[in-house]
Amino acid sequence: MLKRWGSTLGVAIGVTVFLAGCGSGGAAPSSGSNHTTGASGNGPITLNVLYMNQAGYTDTVLQDMAKQFETKYPNVKIDFTFLPYSQMHSAILTSSAAPTAQYDVVLSDLIWTGEFAGKGYTIPLNTYVNKDIPNPQDIPQSIWGGFTVKGNIMAMPFLANFQNFYYNKKMLAEAGFTTGPRTMSEWLHQMQVLKAKHIVQYPYEDSWTQAEGLVCDYVRTAGEFGNGNLFNAQGQPVMNQGPALKALNWMHELYVDGLVNPNSLTADEPTAADAFASGQVAYNTNWTFVTGIMNTKSTSKIVGDGVVAPFPVSQGTNQSTGSASISGFQGLAIPANTPQDLRSWAWKWIQFATSPEIQAQHLQSQWPVWSTVANSPQEAKINPAYKVYETNLNAVYNRPTISNYLSVSSIIQQYTHEAIAGTVPVQQAADQMVKQIEALGQ
499 MLKRWGSTLG VAIGVTVFLA GCGSGGAAPS SGSNHTTGAS GNGPITLNVL YMNQAGYTDT
559 VLQDMAKQFE TKYPNVKIDF TFLPYSQMHS AILTSSAAPT AQYDVVLSDL IWTGEFAGKG
619 YTIPLNTYVN KDIPNPQDIP QSIWGGFTVK GNIMAMPFLA NFQNFYYNKK MLAEAGFTTG
679 PRTMSEWLHQ MQVLKAKHIV QYPYEDSWTQ AEGLVCDYVR TAGEFGNGNL FNAQGQPVMN
739 QGPALKALNW MHELYVDGLV NPNSLTADEP TAADAFASGQ VAYNTNWTFV TGIMNTKSTS
799 KIVGDGVVAP FPVSQGTNQS TGSASISGFQ GLAIPANTPQ DLRSWAWKWI QFATSPEIQA
859 QHLQSQWPVW STVANSPQEA KINPAYKVYE TNLNAVYNRP TISNYLSVSS IIQQYTHEAI
919 AGTVPVQQAA DQMVKQIEAL GQ
């Protein structure tokens, strides 16, 4: 398991005996808030839940989960608000500033974990997890780590998104290769041969527009060179040295040598996925949604030729995992200003929606957080590459868990983009990145 700066996961999930099953039957928790009538808490109760309508589970899937929950607890109604991802963070902060939360449960992107914990926007869930989740070890530590700060579990894992390495086996065969690359040098060689033989003009496309996706690809590439942690154990930025600097040089050299499509500098993830699925490029590094796109006739020209694989890594690195990926996990959290008497209901919904029983019903939608579900016969039938998924999941690096992450990310985006394009020399861009991040403080 890869260690992430600031992770103290072992403290969070290994300290107590877990008592009750997930989604177990029996009486619902009582509540006496102004959302209820009657001291017994038999309702009516409305839980306001914030989720996004851009990625992750669809609103249809969420509504289906809610209907099942409301059948189990007839006195409770789940009222969703769905927003674009770009509006989620500000909506949560606005709600957190109010005397009473506008939302009782919120989607928590793992990049917000440090901020929400440091500023007290959401509450630790250790007590709930310790009481009601009997098998926390069934969720990989790489996922728990994305939502854990100083031993505090700040969100219950809900969705396990991460990146895979995709290649076109037909193109590789035309170039004389029988399999995808396992090392970075092999990958470079394959791209050079594909271009030299005019099999494809640009062998690779990625999502390097100046946005959060670029940070993900930078962290993952640094991981492929041996360490995707952009901060050291003392909390200092290290983008101007070691694997992080190697990653910047690699990305820039691919651009200069015409091995990556120059459109990558303006491409987001769906654009890069479409380039791969349409047969324009031989390689794509992207989130799990690409698997469905490349295998569907209506969205792909390479059905049967697209392969999902572990990531190539620099020789001698990542030996315990054989890959290096990047996480994009989602969790469900309870805002700190959710009324005390509604928190037990909020947790009841979180426990239900994140349970293995519910996630097993929606394997077509997303990769489950539970290992037993991910390795089930149902998942194997839906996704024959599930073992590759497991390899890449176990090899994820997380982006820094820091309270000022959004400001740090903005700096990383700017200078990574400039380094790739060559508008600023790579070393100078890396040095400026570190200098400006240090100036922010913590």
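Each position in the sequence shown, counted from 1, maps to that position plus 498 in this note's numbering.
By construction, the Cβ of each residue, glycine as well, lies at the ideal position given by its N, Cα and C atoms.
As the structure is a prediction and not an experimental result, all values here were calculated from the model.
About 13 Å separates the CB atoms of M931 and M749; that is not less than 8 Å, and the two are not in contact. Taking C-alpha positions only, T556 is separated from G820 by approximately 32 Å. Per DSSP, reduced to three states, the secondary structure at D607 is strand. DSSP places S825 in the strand class (E or B) of the three-state scheme. In the three-state scheme derived from DSSP, where H, G and I count as helix and E and B as strand, V779 is classed as coil. V811 carries a strand assignment under DSSP once its states are collapsed to helix, strand and coil. With respect to Y895, G726 sits close: the two C-beta atoms are nearer than 8 Å. The shortest C-alpha to C-alpha distance from E672 to any of A694, E684, T681 is the one to A694. In this structure, DSSP gives F645 a state outside helix and strand, which the three-state scheme calls coil. Distance between V886 and P808, taken at the CA atoms: about 6 Å.
By the Cβ-count criterion, E877 is buried, with 16 or more other Cβ atoms from all chains shown falling within 10 Å of its own Cβ. N650 sits away from N628, with the two beta carbons spaced by 8 Å or more. Using a Cβ distance threshold of 8 Å, L545 and I590 do not count as a contacting pair.
For M654, the enclosing beta strand (DSSP E) covers residues 654–657. Residue pairing by DSSP puts T620 in a beta bridge opposite P833. L548: member of the beta strand (DSSP E) spanning 543–550, first to last residue. Judged by DSSP secondary structure, N666 falls within the beta strand (DSSP E) whose first and last residues are 661–666. For secondary structure counted as the alpha helix (DSSP H) over 4 or more consecutive residues, the region 838–924 holds these complete runs in sequence order: 838–851, 854–857, 869–872, 875–880, 884–891, 903–919. Your pair P810 and E684 checks out as a contact, with CB atoms roughly 6 Å apart and the cut at 8 Å.
Residue pairing of I651 in beta bridges, as defined by DSSP: T646. Residue N666 holds the alpha-carbon nearest to the alpha-carbon of N793 among A596, T620, N666. Take the alpha-carbon of H860 and the one of S874: they are about 13 Å apart.
Here DSSP, grouped into helix, strand and coil, assigns N784 to strand. At a Cβ-Cβ threshold of 8 Å, F827 and A658 count as neighbours. For F774, the secondary structure class from DSSP, reduced to helix, strand or coil, is helix. Counting C-beta pairs with one atom in each stretch, the region 895–911 and the region 601–613 have three or more that are closer than 8 Å, which means they touch. F580 sits in a strand when the DSSP states are folded into three classes. Around the C-beta of S588, fewer than 16 other C-beta atoms lie within 10 Å, and the residue is accordingly described as exposed.
Assignment of F723 by DSSP, reduced to helix, strand and coil, places it in the coil class. Rounded to whole angstroms, the gap between the alpha carbons of P655 and D607 is 10 Å. Residue pairing by DSSP places Y702 opposite V758, Y781 in a beta bridge. Per DSSP, reduced to three states, the secondary structure at G678 is coil, with no helix or strand assignment.
If you look at F567, you'll find it in the alpha helix (DSSP H) that goes 557–570. A Cβ-Cβ distance of about 5 Å is found for the pair Q813 and T681, placing them in contact under the 8 Å criterion. For V871 against I641, the beta-carbon gap comes to about 13 Å, at or over 8 Å, which does not count as contact. Taking the C-beta atoms as reference points, Y716 is found no nearer than 8 Å to V758.
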